[in-house]
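Heads up: take any position in the sequence shown, counting from 1, add 14, and you land on this note's numbering.
Idealized CB from N, CA, C, for every residue including glycine.
All of these numbers come straight from a predicted model, not from anything done at the bench.
Following: one structure in structure tokens, then a few remarks.
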Amino acid sequence: MTETLTSAGPAPAVTDDPADTVIAVRNLTKSYGDRQVVRDVSFEVRRQEIFGILGHNGAGKTTTVEIVQGLRRADGGEIRVLGLDPARDRDELTSSIGSQLQSSALPERLRVAEALRLFARIAGDVVDWRELAAEWELDRLERTAFGSLSGGEKQRLFLALALVQKPRLVFLDELTQGLDPTARRETWRLIERIRDHGATVVLVSHYMDEVERLCDRVGVLHEGRIAAIGTPSELVTEHGGAVQTRFTAHDADLGPTLAALAGVTDVHVDGTAYQVAGTTEAPFEVARTLDDHGLRPRDFSVLRPSLEDVFMTITGETIAATSREGAGR
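So this is what it looks like as structure tokens:
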């Protein structure tokens, strides 16, 4: 079942379990003046998973991850990151965290090699920056100025810089915003490499395809609150609505038979065109029934709900529409 966290009653106290829980957040709140942007948020991130935070602009995504990293102070709640309090133990925590923030930028004239060497030196030369450049295919760009890089090359550099201290936990905030489709997919592959190398990743995004492709679990933020948490498939099953099965059947009156099938919730017949709504099991029952009747329609199709449908159910709006508003953090 999908885990749903709301503000009804206090959440359990934070418990430190470094073996499985990398981040534990309970009842987090944050306001700017009289505007509350994070409202009683609770979630956990598990070791070596890609955890997505999905929401439109202004939902509180960036504020939440900045508080978790110790970059902002919370007004209330409990937070543990790698067993530490990010507000109190930020210096100790910094050596274990890599981060690419939404506002990341470098001087236009700074060369790739200079950036890698500088960041590696600040991190204590934990890794050889030349090896990092080769691993992330930046060696051919070492003499190139940051301002001359393409969008995809800049993001590859930011990812490499986030790894100069071999972090156990990496935060990526709207990493692929503004990239073309090819650069986005290349960046996705690089993010998966980070996880495969043993790090835990927190990915902030408002792109549905990105979250579905990359994330092991997703927390949906709406108006500063966690509306739902689960795997993409759990969220779709719980909140996405019915699965639609469509086909054409000539010279057959299948309406009553299909309506009686397990998992079927609605049958609409328009002449020879059938549309059957139901649970995830319903299409299999429909296909079996058609086969029993000796029917194998060539236009048989199944339309399953997506994360976009989940977002619509939770917020009442498409994420594309809400993201255009750009109202806050």
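Helix, strand or coil: how does DSSP classify A242 here?
-> Within the sequence shown, numbered from 1, the residue matching residue 242 stands at position 228. Note: A242 maps to strand in three-state DSSP.
Selected residue, minimal CA-CA separation from R154, among L309, V39, V141 and R125 | Working through the sequence shown from its first residue, we reach residue 154 at position 140. The option with the nearest alpha carbon to R154 is R125.
How many angstroms separate the CA atom of D7 from the CA atom of T196?
-> In this structure the chain extends from 15 to 343, so residue 7 is not present and cannot be described.
Three-way DSSP call (helix, strand, coil) for E17 in this model | If you number the sequence shown from 1, residue 17 lands on position 3. Low confidence applies to E17: its pLDDT is 37, below 50, so where it sits in the model is not reliable enough to give any reading.
Reduced DSSP secondary structure (H/G/I, E/B, other) of K75 | Start at 1 with the first residue of the sequence shown, and residue 75 comes out as number 61. Of the three classes helix, strand and coil, the one that applies to K75 here is helix, per DSSP.
Where in the segment 79-104 do unbroken runs of the beta strand (DSSP E), each at least 3 residues long, occur, reported from the N-terminal end onward?
-> The segment 79-104 contains these whole beta strand (DSSP E) runs: 90-95.
Can you tell me the Cα-Cα spacing of M326 and R131, whole angstroms?
-> If you number the sequence shown from 1, residue 326 lands on position 312. If you number the sequence shown from 1, residue 131 lands on position 117. Taking the straight line joining both Cα atoms gives about 45 Å.
I205 and I64: beta carbons closer than 8 Å?
-> On the sequence shown, position 191 is the one that residue 205 refers to. On the sequence shown, position 50 is the one that residue 64 refers to. I64 sits close to I205, with the two beta carbons spaced by under 8 Å.
Do the CB positions of G345 and H220 come within less than 8 Å of each other?
-> With the chain running from 15 to 343 in the structure shown, residue 345 is simply not present.
Which runs of the beta strand (DSSP E) spanning at least 3 residues fall entirely within the segment 138-206, listed in chain order?
-> Assignment of beta strand (DSSP E) within the segment 138-206, counting only whole runs of 3 or more residues, yields 183-187 in chain order.
What are the start and end residues of each continuous beta strand (DSSP E) run of 3 or more residues lying completely inside the segment 269-295, in chain order?
-> Every beta strand (DSSP E) stretch that sits fully inside the segment 269-295 and reaches 3 residues is listed by chain position as 278-284 and 287-292.
Three-way DSSP call (helix, strand, coil) for A266 in this model = Reading the sequence shown from its first residue, position 252 is the one you call residue 266. Three-state result, A266: coil.
CA-to-CA distance, D54 to G72, given in whole angstroms | Within the sequence shown, numbered from 1, the residue matching residue 72 stands at position 58. Within the sequence shown, numbered from 1, the residue matching residue 54 stands at position 40. So the two alpha carbons sit approximately 16 Å from each other.
Given a threshold of 16 other Cβ atoms within 10 Å of its Cβ, counted over all protein chains shown, does S109 qualify as buried or as exposed?
-> Mapped onto the sequence shown, residue 109 falls at position 95. Counting Cβ neighbours within 10 Å, S109 comes out exposed, since fewer than 16 surround it.
Taking the C-alpha atoms as reference points, what is the distance between R312 and T262?
-> Counting from 1 along the sequence shown, the entry for residue 312 is found at position 298. Counting from 1 along the sequence shown, the entry for residue 262 is found at position 248. T262 has its alpha-carbon roughly 8 Å from the corresponding atom of R312.
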